[in-house]
Structures are given as C-alpha cells and as structure tokens.
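One structure is given here, and the rest of the page talks about it.
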DNA sequence: ACCATATATCATAATGTCAGGATATGTCAA
DNA sequence: TTGACATATCCTGACATTATGATATATGGT
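Residue numbers (my numbering), protein chains in the order written: chain A, 179 to 286; chain B, 179 to 286.
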C-alpha cells in the first residue's frame with residue numbers, strides 16, 4: 179500500500195484539530211478524559227485548576243473542533259473524547275515518552 | 179500496563195509541536211517531506227505554491243520546533259523530517275481517512 | 001567583479017488568541 | 001419565588017500569528 183497525498187480539505191480539517199490540541203491546558207484536558215473517561219466540567223476544574231471561565235472556553239473550542247463531546251446530565255455537563263484521533267495522538271506521545279523510545283522507522 | 183499521566187513539561191513540549199503542525203500549509207510541507215524524503219526549498223515552493231518568503235518562514239517555524247531539519251548543499255537548503263512524531267501523526271491521519279473512519283461530529 | 005539562483009529576513013497591517021475578571025444562563029431543590 | 005450550584009458567555013488589554021510585499025544575504029558560475 180503506497181502512501182498517497184491526503185486531500186487538501188482533509189488536511190485543513192486535521193490542521194484545525196492539531197491547532198486546538200496544540201495548547202498545554204487543552205492537551206491536559208484531553209489526556210484527563212482519555213485516562214478517566216467521561217467527566218463533568220467541575221471535576222475537570224478541580225483536577226486541572228485555573229479559572230472556570232477559561233476552562234469552559236477551552237472545552238468549547240475542543241467541542242467545536244470535534245475533539246470532545248458534551249452532554250448535559252442535570253446540573254452537570256459531561257465531556258467525552260469524541261474522536262479516536264485524539265486518543266491515538268496521546269498514545270503516540272506515550273510511546274515517545276517510554277524509556278526505549280528509540281523506534282526503528284521504516285521511512286519512505 | 180496502566181496508562182499514566184504524562185509529565186506536564188512533556189505535554190507542553192508536545193503542545194508546541196502540535197501547534198506548529200496545526201496549520202494547513204505547514205502540514206502539507208511535512209506531508210510532502212514524508213512522502214518524498216529530503217527536498218530542497220525551491221522544489222517545495224514549486225510543489226506547494228505560495229510566496230517564497232512565506233514558505234521560508236513556515237520552514238523556519240517547523241525547524242525551530244524541531245519538526246524538520248535543514249542542511250545546506252551548495253545553493254540549496256535541503257529539508258528533512260527531524261522527528262518520527264511528525265510521520266506518526268501523518269499515519270494517524272491516513273488511518274482516519276480510511277472509508278470506515280468515524281466522522282467527528284459537532285454539536286449545536 | 002557581475003549576474004542569476006536560492007533562501008532568509010524585514011516591515012506592516014489585519015486578524016486571532018490568551019488570561020482575567022465580571023456577568024449571564026441553566027438546573028434543581030426548598 | 002429564592003438560593004445554590006454548574007456552566008457559559010461577554011469584555012478588555014496584551015500578545016502572537018498571518019499574509020503580503022520588499023529587501024537582504026548566500027552561493028556558484030561567467
């Protein structure tokens with residue numbers, strides 16, 4: 179299976195996702211959801227710190243980019259990872275963090 | 179093997195990489211290098227279009243983030259992907275382009 | 001030296017992003 | 001209704017990013 183250029187429209191879409199995940203705080207939000215599963219916002223706030231308004235805005239950006247999903251349950255809004263791509267990215271990072279991160283690459 | 183939170187400093191580092199790749203044009207630069215291997219800038223310019231100065235600046239940002247590497251050979255400067263993480267990201271995207279990949283949905 | 005090619009840098013203006021604090025909305029219960 | 005809690009939105013100033021066009025630097029050939 180030969181590698182082929184991805185469609186430009188898809189690349190732009192993915193660029194938007196990467197851009198949104200390209201922020202330390204948002205990345206930690208996604209990681210938390212990946213580690214703990216669906217979580218209400220106030221738990222995220224307690225776990226990650228920061229101002230409530232800021233958290234809400236970051237969650238909003240992640241949601242608009244399709245990275246996470248929101249669902250209201252009573253007073254709370256529960257957030258979940260909405261795209262496997264996000265979890266995949268985190269797993270890539272975990273591989274790069276492992277002590278033997280020396281990976282033989284089949285390039286080209 | 180239990181998943182554990184990644185160090186915050188590492189997360190911030192990765193966020194910087196994601197942020198730099200989170201741009202359609204830069205993403206296409208990296209993809210081209212992944213598909214074709216080391217390439218001089220003027221070939222990238224011919225292949226991707228745009229203004230020369232803009233390309234140079236994007237290459238500079240990618241280089242400063244450690245995503246690509248530059249090497250002068252005579253008049254030309256050849257660029258190469260410098261971190262396997264970049265190629266890994268592209269492979270994630272290719273997987274998501276397969277026909278049965280779930281489409282991220284936006285609510286509201 | 002000059003010239004052409006290849007690449008980098010500068011300057012500017014428009015736009016986007018960020019953190020912070022204040023305020024608004026929604027939901028439930030008493 | 002009121003109050004308490006959970007979340008969203010608004011505002012503002014500081015800062016970053018972007019595209020564009022112009023100019024500068026580097027290299028090799030004549």
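Glycine is no exception: its CB is placed at the ideal position from the N, C-alpha and C atoms. All of these numbers come straight from a predicted model, not from anything done at the bench.
For the stretch 194-215 of chain A, the beta-carbon criterion of a distance under 9 Å to any beta-carbon of chain B is satisfied by 194, 195, 196, 197, 198, 199, 200, 201, 202, 203, 204, 205, 206, 209, 210, 212 and 213. Against chain B, the beta carbon of residue 218 (chain A) has no neighbour under 7 Å; the closest one sits roughly 16 Å away. For the stretch 249-267 of chain A, the set of residues with a beta-carbon nearer than 8 Å to any beta-carbon of chain B comprises 260, 261, 262, 263, 266 and 267, in chain order. Boundaries for residue 245 (chain B): no beta strand (DSSP E) harbours it, and the DSSP string shows neither H nor E there. For residue 258 (chain A), the enclosing beta strand (DSSP E) has its first and last residue at 254-259.
For residue 239 (chain A), the closest Cβ of chain B is not nearer than 8 Å. Closest by C-alpha distance to residue 242 (chain B), out of B:218, B:250, B:260 and B:267, is B:260. Between residue 227 (chain B) and residue 193 (chain A) a beta carbon distance of about 16 Å is seen, past the 8 Å cut, so the two are scored as non-contacting.
In the three-state reduction of the DSSP assignment, residue 216 (chain B) falls in the coil class.
Close partners of residue 233 (chain B) in chain A (Cβ separation under 7 Å) are lacking, with about 16 Å as the shortest Cβ gap. Under DSSP, residue 250 (chain A) forms a beta bridge with A:255. Here the alpha carbons of residue 203 (chain B) and residue 220 (chain A) stand approximately 37 Å from one another. Across the stretch 179-190 of chain A, CB contacts with chain B closer than 9 Å involve 181, 182, 183, 184, 185, 186, 188, 189 and 190, in sequence order along the chain.
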